[in-house]
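> Residue numbers (my numbering): 1 to 595. If you scroll down you'll find the structure; I have some questions about it.
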Amino acid sequence: MQEAKALFEKLKIISLLDLALLLPTSYNNTILSSHIQVGEIQTLEAIVEEVSPYNGKLRLRFRLPRFSTSITAMLFRVTPYHRKLFTVGSHHHIQGRVEEYRGMLQIAQPKSLKKIGEIIPKYSTPLKESSMRALIEYYITPANLFAEGLAPREVEVLMGLHSPQSIEQTQQIDVEALKFIEAFNHMKKLQGKRVDFPALAALRGDIQPFVSSLPFTLTPEQHAVIQEVQADLSDQNKAAKRLIIGDVGSGKTMVILAAAMMAYPHKSILMAPTSLLAMQIHEEALKHLPASLKVALVMQGRSEGIYQEADFIIGTHALLYKEDLPQAALVMVDEQHRFGTKQRAMLENMMGKAERKPHFLQFSATPIPRTQAMMESALIDVSLITSTPFDKEIITCIIGKEAFPQLLGHIQEEIDQHHQVLIIYPLVEQSSEIPYQSLEEGRGFWEKRFEGVYVTHGKDKKKEEVLIEFREQGNILLATTVVEVGISLPRLTLIVIVGAERLGLATLHQLRGRVGRLGLKSWCYLFSNHPKNERLSSFSQTNSGFDIAKLDLKFRNSGDILDGTIQSGMQFKWLDLAEDEVIVDAAKVRVNPLR
């Protein structure tokens, strides 16, 4: 079909399976009815017995030879065409809803069909019915569907819905098959976007001295992910593209340092979204990497070490503006979703040479459901770290105003034990739109009652200095969600999130992840004017970020899944990412049996 491309654009689809999944919304059944059923739309063989005008309408009586009975009809919108069509003795196949009135069969505004014996699908799309049907008839054939990779049962289901041979086929929908087709189609499209390049170098540095010198044992999941990265980096024919997603406090930094060891003696670069995070990883690198591996820090207005000579360069987006940055065979980006796609690509491209690319690892502390990770694996390899090096004991409570006195008592108890407290406000300044105190309104209360109260927020130019000073000598930190990802606060054991119902579950989880970093018993108080909240209640019953990502799907519809976050752009009609793990796994195997 020559005009197919324009029609596909109008339908906002790009693949044949996209078209196949635009299912009919209803059907017009023109197969002759085998029996008369009152209340249903029926197709009947009829002979006109009587025609009489009535107040501008046309009253008709038909003989139904197959049922040896009569039926009356009333045409309300009468045209000359109708008068010419319905003449006494003329034969018709009529269609309409059959009713019964005082023992007599009636049919309102019947249509005379030119063609019978078909079940005609009806579509709700921007196209004309005739154009849509022509498109379906041309493209949605068994041969084309098999060529797309579908199995016989899946082909049978789609053909039964688009070209049904019986009305039963349209009523017995195989939902499991449609779920699979949706997952398979989405992953196939993602795989089509994947482009692999040869690597600058095969990286096979020895990590054993680093691992054995650590003052703790890596978790089985950390070991497994490190092995996956080793397999990636040792391949010179294909530059690695891997997204490593770890729950809050799962020990992603150790994977970053292990990767830098694999790269050595080649150079590696890590870009972090904030100065605090860059400084933190730099501290860990100096503490755990061997002295023979030179480490440098590059930030706006501050650097440590000579980055031109370093083996492992850690920095913020300031790295993008260093024209003399040495070529690195491994590029890593931490908290990748906080950078734009262009920024991430910019660093990767800076390091490329002709058609060769650096190995590229991205890290994220925003857990996603396993189903989503499987689907993303068609575009980029995905590793999950779901466990933490030690069990966190965090008790989550939903509280209202009436529990405030007890909360104050608990805050004092934690401060007495030399622990720290974090209070998150929904906004910096007062707003009539939000029924909670702002940071500025609340700070006087805390500063009056407690010592060592620190305040910061997103627009605070000195927030990094404030956070570092608080870590060393503060008792209470008042902040906005600026601390969602950032500095490690080992003494933090209590967090209060004001207006918790206003925040997404992923943000709540990141905030809660600030406490109990060293295994200390900790508390997360969700302060709300609406404490009987199902979403908050479900959140309070699990500490696993991956379970919470699944909950997030439950409370809002599944969306598109690129860049490690759930977008709201594309919605699945049949597939449920929260529940259909087995189906997505089967689709993943079908799309790429080797991965």
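Virtual Cβ for every residue (Gly too), placed ideally from N, Cα, C.
1) Looking at C-alpha atoms only, which residue of 336, 322, 285 is the closest neighbour of residue 311?
2) Could you give the first and the last residue of the continuous beta strand (DSSP E) run that contains residue 362?
3) Please list, in chain order, all residues of the same chain as residue 516 whose beta carbon is under 7 angstroms from its beta carbon, the five residues on each side excluded.
4) Is the beta carbon of residue 369 sitting closer than 9 angstroms to the one on residue 329?
5) Would you list the one or two residues that DSSP bridges to residue 381?
6) Would residue 249 be called buried (16 or more neighbouring beta carbons within 10 Å of its own) or exposed?
7) Check whether the region 185-192 touches the region 372-386, taking contact to mean three or more Cβ pairs, one atom from each stretch, closer than 8 angstroms.
8) Using 8 angstroms for Cβ pairs, my map puts residue 63 next to residue 47. What's the rounded Cβ distance?
9) Quick one, which of 228, 98, 306, 71 has its alpha-carbon nearest residue 38's?
10) One question on the structure: do residue 266 and residue 205 come within less than 9 angstroms of each other, judged by their Cβ atoms?
11) Which residue wins for smallest C-alpha separation from residue 264, given the options 224, 201, 80, 213?
12) Please classify residue 419 as buried or exposed, where buried requires at least 16 neighbouring CB atoms within 10 angstroms.
13) Which of the three DSSP states is assigned to residue 21 in this structure?
14) What do you get for residue 417, buried or exposed, if any count of 16 or more other CB atoms within 10 angstroms of its CB means buried?
15) Distance, Cα to Cα, residue 566 vs residue 491?
16) Consult DSSP for residue 82 and reduce its assignment to one of helix, strand or coil.
17) Taking the alpha carbon of residue 94 as the reference point, which residue from 77, 100, 116 has its own alpha carbon closest?
18) Here's the rule I'm using: 16 or more other beta-carbon atoms within 10 Å means buried, otherwise exposed. How should residue 104 be labelled?
19) Look up residue 314 in the DSSP assignment and give the residues it is bridged to.
20) Can you check which of these residues, 183, 261, 165, 195, is closest to residue 212 by C-alpha distance?
21) Residue 427 and residue 480 - do their beta-carbons sit closer together than 9 angstroms?
22) Could you pull out every residue in the same chain whose Cβ sits closer than 7 angstroms to the Cβ of residue 241, ignoring the five residues on either side in sequence?
23) By Cβ distance below 6 angstroms, which residues in the same chain neighbour residue 499 in space, the five residues on each side in sequence not counted?
24) On the CB-based measure, 16 or more other CB atoms within 10 Å of its CB, does residue 79 come out buried or exposed?
25) From the DSSP output, read off the bridge partner residues of residue 498.
26) Please determine, among 233, 592, 183, the residue with the shortest C-alpha to C-alpha distance to residue 198.
27) I'd like to confirm the pairing. Which residues does DSSP put opposite residue 43 in its beta bridges?
28) If we call anything under 9 angstroms between Cβ atoms a contact, is residue 443 one with residue 478?
29) Per DSSP, what kind of secondary structure is residue 328 in: helix, strand or coil?
30) Check this for me: beta carbons of residue 575 and residue 183, under 9 angstroms apart or not?
31) For the candidate residues 434, 542, 124, whose alpha-carbon lies nearest to that of residue 11?
32) Give the C-beta separation of residue 209 and residue 290 to the nearest angstrom, bearing in mind that I take them to be a contact with Cβ-Cβ under 8 angstroms.
33) How long is the line joining the alpha carbons of residue 342 and residue 333, rounded to whole angstroms?
34) Quick check on DSSP: helix, strand or coil for residue 420?
35) Is residue 373 buried or exposed, if buried means 16 or more other CB atoms sit within 10 Å of its CB?
36) Going by other Cβ atoms of all chains shown within 10 Å of its Cβ, with 16 needed for buried, is residue 570 buried or exposed?
According to the data block:
1) 285
2) 359-364
3) 392, 393, 394, 493, 522
4) no
5) 242
6) buried
7) yes
8) 5 angstroms
9) 98
10) yes
11) Nearest of 224, 201, 80, 213 to residue 264, Cα basis: 201.
12) buried
13) In the structure shown, residue 21 falls within a coil segment according to DSSP collapsed to helix, strand and coil.
14) exposed
15) Residue placement at residue 566 is flagged as unreliable, the pLDDT there being 38, under the threshold of 50; a coordinate-derived value is accordingly withheld.
16) Residue state for residue 82 is assigned as helix, using DSSP reduced to three classes.
17) 116
18) exposed
19) Partner residues in the beta bridge of residue 314, as assigned by DSSP, are 270, 297.
20) Between residue 212 and the set 183, 261, 165, 195, the nearest pair of CA atoms involves 261.
21) yes
22) 360, 380, 381
23) 426, 436
24) exposed
25) Per DSSP, 527.
26) 233
27) 95
28) yes
29) coil
30) yes
31) Cα-wise, what sits closest to residue 11 is 124.
32) Confirmed, about 6 angstroms.
33) 13 angstroms
34) Look at residue 420 here: in three-state DSSP terms it is strand.
35) buried
36) Caution applies to residue 570, whose pLDDT of 44 falls short of 50 and renders its modelled position unreliable; the value that the coordinates give is listed next. Per the 10 Å Cβ criterion, exposed.
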